[in-house]
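Going by the working numbering, the sequence shown opens with residue 392, and the numbers climb by one from there.
Glycine is no exception: its CB is placed at the ideal position from the N, C-alpha and C atoms.
Since we're looking at a predicted model, the values are computed, not measured.
The block underneath contains the structure these notes are about, expressed in structure tokens.
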Amino acid sequence: MRDCNNMDVLFSPWRYDYIKSAVRKELGCFICSYVKDDKDDDNLVVFRGRKCVVLMNKYPYNRGHVMIAPYRHVPSLEDLSDDELMDCSNLILALIKAEEEILSPDDFNVGINVGRAAGAGLEEHMHVHVIPRWIGDAGAIPSSYGFSDVERDMREIMLKLRSRLGGLVYRDSDGEEIHTH
Ligand SMILES: [Zn+2]
Numbered sequence: 392m393r394d395c396n397n398m399d400v401l402f403s404p405w406r407y408d409y410i411k412s413a414v415r416k417e418l419g420c421f422i423c424s425y426v427k428d429d430k431d432d433d434n435l436v437v438f439r440g441r442k443c444v445v446l447m448n449k450y451p452y453n454r455g456h457v458m459i460a461p462y463r464h465v466p467s468l469e470d471l472s473d474d475e476l477m478d479c480s481n482l483i484l485a486l487i488k489a490e491e492e493i494l495s496p497d498d499f500n501v502g503i504n505v506g507r508a509a510g511a512g513l514e515e516h517m518h519v520h521v522i523p524r525w526i527g528d529a530g531a532i533p534s535s536y537g538f539s540d541v542e543r544d545m546r547e548i549m550l551k552l553r554s555r556l557g558g559l560v561y562r563d564s565d566g567e568e569i570h571t572h
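Next comes the structure, spelled out in structure tokens:
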């Protein structure tokens with residue numbers, strides 16, 4: 392039987408606050424502020440790629456929910472340069488591989504919400520969601536988890552992903568550096 396009640400209790404209020412706060416324009420762009428800041432651990436910045444950055448989603452749908460965004464503050468996929476598209480694609484593939492190793496999900500949702508009507512909380516700075524999924528998502532979040540457990544878990548996943556990503560995204564199978572541009 393699908394056991395999603397715990398996830399609803401844990402995450403729905405967060406998402407509600409997030410959506411409310413996203414409506415407030417004075418907040419500015421958190422992706423840009425995290426990129427400029429040097430506190431990656433505090434900001435849950437997982438990895439800085441060549442053209443794009445990887446962030447943990449602080450209001451996750453599931454364990455290991457991450458976002459990939461270009462460094463440039465642009466609203467749409469169509470605004471990305473070839474280099475940015477290439478880096479974004481490489482990072483998506485590397486994240487899927489790293490999360491398979493670290494979290495053993497059954498599958499993934501990979502997607503982009505284009506515009507607020509489509510559900511984007513931050514429509515000005517485009518980003519791709521990568522969300523690991525488990526069948527029924529039962530057991531993805533232990534039922535005993537509270538707020539601090541979720542945060543601790545998020546930080547552990549961030550550190551594991553960070554240490555794995557560089558080798559996956561910019562090295563070939565022989566360990567040689569990949570020069571894409
Ligand atoms: Zn931005």
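Span of the beta strand (DSSP E), counted from its first residue to its last, around Cys-443:
443–447
CB of Ile-422 to nearest heavy atom of ligand 2: below 6 Å?
Judged by which ligands are present, ligand 2 is missing from the structure shown, whose ligands are ligand 1.
Heavy atom of ligand 1 less than 6 Å from the Cβ of His-516, yes or no?
yes
Meets three-Cβ-pair contact criterion under 8 Å: the region 537–546 and the region 477–486
no
Starting from Ile-487, trace the alpha helix (DSSP H) both ways and give me its first and last residue.
473–494
Does the beta-carbon of His-520, which I'm using as the reference point, lie nearer than 6 Å to any heavy atom of ligand 1?
no
Pairwise C-alpha distance: Cys-423 and Tyr-452
22 Å
According to DSSP, what are the bridge partners of Pro-574?
The chain is shown from 392 up to 572; residue 574 falls before or after that span and cannot be answered.
Can you tell me which of Leu-550, Tyr-561, Leu-556 and Arg-562 puts its alpha carbon nearest to the alpha carbon of Asp-432?
Leu-550
Can you give the Cα-Cα distance for Tyr-558 and Gly-527, rounded to whole angstroms?
Contrary to the premise, residue 558 reads as Gly rather than Tyr in this sequence. Going from the Cα of Gly-558 to the Cα of Gly-527 covers about 31 Å.
Give the secondary structure of Ile-459 by DSSP, where H, G and I count as helix, E and B as strand, and everything else as coil.
strand
Cβ shell of Lys-449 (< 7 Å), same chain only, five flanking positions each side left out:
Leu-435
Would a C-beta distance cut-off of 7 Å place Val-521 and Val-457 closer than the cut-off?
yes
For the region 561–571 and the region 496–506, state whether three or more C-beta atom pairs, one from each stretch, are separated by less than 8 Å.
no
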